[in-house]
Structure formats: structure tokens, C-alpha cells
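Heads up: the structure comes next, in C-alpha cells.
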Amino acid sequence: MPGVEPPFVDEHSRLIPYRREVVWRALNEHATGDLLIGPHNPLALILGTKPRGGFEITTSVEGERLDLVGRHHFSNYLLRFELANGAPGSTAEAAPGATRLSALTFAAFPGPHGRVYRLLVIRSGAHAIATRGILRSVAQLAARRG
31 MPGVEPPFVD
41 EHSRLIPYRR
51 EVVWRALNEH
61 ATGDLLIGPH
71 NPLALILGTK
81 PRGGFEITTS
91 VEGERLDLVG
101 RHHFSNYLLR
111 FELANGAPGS
121 TAEAAPGATR
131 LSALTFAAFP
141 GPHGRVYRLL
151 VIRSGAHAIA
161 TRGILRSVAQ
171 LAARRG
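Written out as C-alpha cells, the structure is:
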């Protein structure tokens with residue numbers, strides 16, 4: 031998908047009570063470890079994920095943005111993480127030292143199998159649950175590393 035951003039799907043965010051540097055380190059640690067599907071995971075084999083782990087980092091702007099892309103038989107996708115200071119629409123005093131971590135999902139679901147996959151993963155709410163779980167895991171990792 032070089033240079034082509036698939037359609038926007040959704041956005042989830044979480045306010046993490048740690049400085050951006052701490053959240054950035056936790057996000058990178060999670061993105062290069064726990065977020066990946068193991069190469070021998072049956073799901074990776076069934077879906078035909080490329081890369082095998084499900085994601086590869088394509089953009090990394092320290093403390094600001096991390097883009098992960100991948101594809102499989104039923105979808106091409108981009109998972110973008112953005113970091114910002116404090117809560118949206120708040121003053122710095124409302125959340126001093128906190129970081130807003132947002133996960134934006136972009137994905138294309140080509141063909142009839144892609145449409146079925148979208149129903150199973152997106153419309154069912156499974157994707158939202160998984161994405162919020164990633165944000166929660168990064169927050170927990172930041173708490174341990176903070």
C-alpha cells in the first residue's frame with residue numbers, strides 16, 4: 031500500500047497519565063512485540079497476513095505518530111497511532127503531564143469475501159474491542175515503565 035491510504039474506519043483514544051516520552055516508549059515496545067501475530071499463529075496462516083506478523087512499521091515520528099500497515103486475503107489496512115498532550119479541548123492544566131493516545135484505523139475490504147470479513151470484524155464490534163485493548167495495554171505498559 032505504499033502511498034495509498036485506505037478509507038477511514040474509526041478512531042479510538044485514551045488519556046494516559048504519563049508524559050509523551052513514556053507513552054511513546056510503551057507504544058513502540060508494544061508495536062514491535064505484543065501487537066504482532068506470531069509467525070506460526072493459525073490466524074496468520076488462514077488470513078495470509080503480509081507481513082506474517084500482521085503489521086510493519088512504515089512511519090515513525092518520535093513522540094508524535096506511528097503507522098503500522100499490513101494486508102491479508104480480505105483486507106489492506108493501516109493502523110495509525112497519534113500522540114498529543116492532555117485531553118482534547120482541555121487546557122494543559124486539566125491534564126498536566128498526560129498524553130492522549132489515539133488509534134485511527136484505515137482499511138479496504140475488497141470483493142465479496144472482504145465485505146463479509148468487514149461484517150465479522152468491524153460491524154460486530156470485535157475491531158473496536160481489540161483496538162481499545164491495544165490502548166489499554168499501552169497504558170499499562172507506560173504505568174510499569176513510567
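To convert, note that position 6 of the sequence shown is 36 in this note's numbering; the numbers rise steadily by one, no gaps. We put the beta carbon where it would ideally sit given N, CA and C, even for glycine. In this text the structure is predicted, and so the values were computed from the model without any measurement.
Own chain partners of residue i with C-beta closer than 8 Å, once the 5 adjacent residues on each side are dropped
{"i": "S43", "result": "P118, R130, L131, S132, A133, L165"}
{"i": "G144", "result": "F104, S105, A138"}
Residue from the options with nearest C-alpha to residue i
{"i": "R50", "options": "R162, A156, H157, A114", "result": "A114"}
{"i": "G63", "options": "L98, E35, T89, F38", "result": "L98"}
{"i": "E92", "options": "A74, R82, W54, H157", "result": "W54"}
{"i": "D40", "options": "V146, P81, A56, F111", "result": "F111"}
Which of helix, strand or coil DSSP assigns to residue i
{"i": "H103", "result": "coil"}
{"i": "A137", "result": "strand"}
{"i": "S154", "result": "coil"}
{"i": "A172", "result": "helix"}
{"i": "A128", "result": "coil"}
Residues near residue i by beta carbon distance below 7 Å, same chain, minus five either side
{"i": "S154", "result": "none"}
Neighbourhood of residue i by C-beta, 6 Å cutoff - its chain only, sequence neighbours within 5 removed
{"i": "V151", "result": "H157"}
{"i": "A128", "result": "L45, P47, G116"}
Within the segment 36-94, ranges of the alpha helix (DSSP H) (whole runs, at least 4 residues) = Counting whole runs of 4 or more residues, the segment 36-94 contains the alpha helix (DSSP H) stretches 50-61, 72-77.
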